[in-house]
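Numbering (our numbering), first residue to last: 1 to 298.
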Amino acid sequence: MEINMLLPSIIAAAICLILIESHREQSSFVMRHYTIVSDKLKAGSESYCFVLLADLHGHIFGKDNASLAEAVLKSSPDAVLVAGDMITAGNTHGFEAAEHLLSSIALHCPVYYGLGNHEMKMEQEEADGREAYFDYRKRLEDKNIRILSNKSDTFQIRGQSFTVSGLTIPGDAYSRVGARKASADFIREMLGEPAADGYQILIAHNPAGSRSFSEWGADLTVSGHYHGGIVRFFGKYGLITPQFQFFSDKTAGCFANGKGHLVISSGLGTHFIPIRLGNPAEAVFIHLRPEKENEKAG
Numbered sequence: 001m002e003i004n005m006l007l008p009s010i011i012a013a014a015i016c017l018i019l020i021e022s023h024r025e026q027s028s029f030v031m032r033h034y035t036i037v038s039d040k041l042k043a044g045s046e047s048y049c050f051v052l053l054a055d056l057h058g059h060i061f062g063k064d065n066a067s068l069a070e071a072v073l074k075s076s077p078d079a080v081l082v083a084g085d086m087i088t089a090g091n092t093h094g095f096e097a098a099e100h101l102l103s104s105i106a107l108h109c110p111v112y113y114g115l116g117n118h119e120m121k122m123e124q125e126e127a128d129g130r131e132a133y134f135d136y137r138k139r140l141e142d143k144n145i146r147i148l149s150n151k152s153d154t155f156q157i158r159g160q161s162f163t164v165s166g167l168t169i170p171g172d173a174y175s176r177v178g179a180r181k182a183s184a185d186f187i188r189e190m191l192g193e194p195a196a197d198g199y200q201i202l203i204a205h206n207p208a209g210s211r212s213f214s215e216w217g218a219d220l221t222v223s224g225h226y227h228g229g230i231v232r233f234f235g236k237y238g239l240i241t242p243q244f245q246f247f248s249d250k251t252a253g254c255f256a257n258g259k260g261h262l263v264i265s266s267g268l269g270t271h272f273i274p275i276r277l278g279n280p281a282e283a284v285f286i287h288l289r290p291e292k293e294n295e296k297a298g
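Shown next as structure tokens:
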């Protein structure tokens, strides 16, 4: 009888604790580090650092996102890769948060911005706030932020050639049921052939169909979209993805992907379901280093 009387209080206390923890995980961020060894990098060269940002959805960490920008720049990255959904479709108030963040970073290092489904929605003729979205894009481009919508950019870092390509995935790849996955042929149609020399990076917001990314020729693919599965169990399994995959172990993390690698960010903001649990907001630091001679022999 006493247990039955206490049960509502216990449930209420548990819900309060969950909400407090969820708020904490949304209002702060962690810096996640992955190291990838590749024989596509020049032997004897040093390591390279790329920071992956995704799914900000207009969220703010410190005044004008200064806290996040400072954390990113503290590592002196070679470039920042943006895997889309930095804004939320229809919410023009969130544009400023993304603009402050990316423009302050672009003063110190290159920024490559691939589009997510929310940016893509804002490009549609009937989109609410479409004109404001294109103004936002122009302001970013004026600040030397490279927006890669089915485009590529090749550059050198300390003698090593890198190509970054941004794949804009069509709307039916985001359907709740029966979503179409981008094939290697589709990627080739949108982007052409991968870089013949150097290291090929692909920004693809939706990681579904990741095998095609490697088949196309990506040495590294960076993605977001899954928000880490909203709730993560054991630091590995995500509760649900936007395409209703349950308890998937590929909602966030660094994975071997064919001959290359796939890095999925659990993102920085929330959308639709404003919850994070066991799944803090994150900025991802990807450290690329060449394969050493003893590693090849091993």
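Note that beta-carbon positions come from the ideal geometry of N, C-alpha and C, so glycine has one too.
Taken atom to atom, the span from the alpha-carbon of ALA89 to that of HIS59 is near 13 angstroms. Counting along the chain, PHE247 sits inside the beta strand (DSSP E) bounded by residues 246-248.
When Cβ pairs closer than 8 angstroms are counted between the two stretches, the segment 120-140 is seen not to touch the segment 175-188, the count staying below three.
Taking GLY229 as reference, the option from SER223, GLY217, PHE247 with the minimal CA-CA separation is PHE247.
Remark: C-beta atoms of ALA195 and GLY114 do not approach each other more closely than 9 angstroms.
For the 9 angstroms CB-CB criterion, ARG289 and SER22 do not form a contact.
Of the other Cβ atoms in all chains shown, 16 or more fall within 10 Å of the Cβ of VAL111; this residue is therefore buried. Closest by C-alpha distance to ALA208, out of GLU99, ILE264, GLY94, VAL231, is ILE264. Straight through space, the alpha carbons of ILE240 and LYS250 are spaced by roughly 11 angstroms. For ASP185, the enclosing alpha helix (DSSP H) stretches over residues 184-191.
For MET120, the enclosing alpha helix (DSSP H) starts and ends at 117-122.
Judged by DSSP in its simplified three-state form, GLU291 adopts coil rather than helix or strand. For LEU268, same chain residues with a beta-carbon under 8 angstroms away, outside a window of 5 residues either side, are PHE29, LEU53, ALA54, ASP55, LEU56, HIS57, HIS59, PHE61, LEU68, ALA281, GLU282, ALA283 in chain order. For TYR136, the enclosing alpha helix (DSSP H) starts and ends at 130-142. A direct Cα-to-Cα measurement between GLY94 and GLU25 gives close to 20 angstroms.
Taking LEU17 as reference, the option from GLN200, LYS292, ARG276, ALA97 with the minimal CA-CA separation is ARG276.
Rounded to whole angstroms, the separation of the alpha carbons of ASP153 and GLY253 is 25 angstroms.
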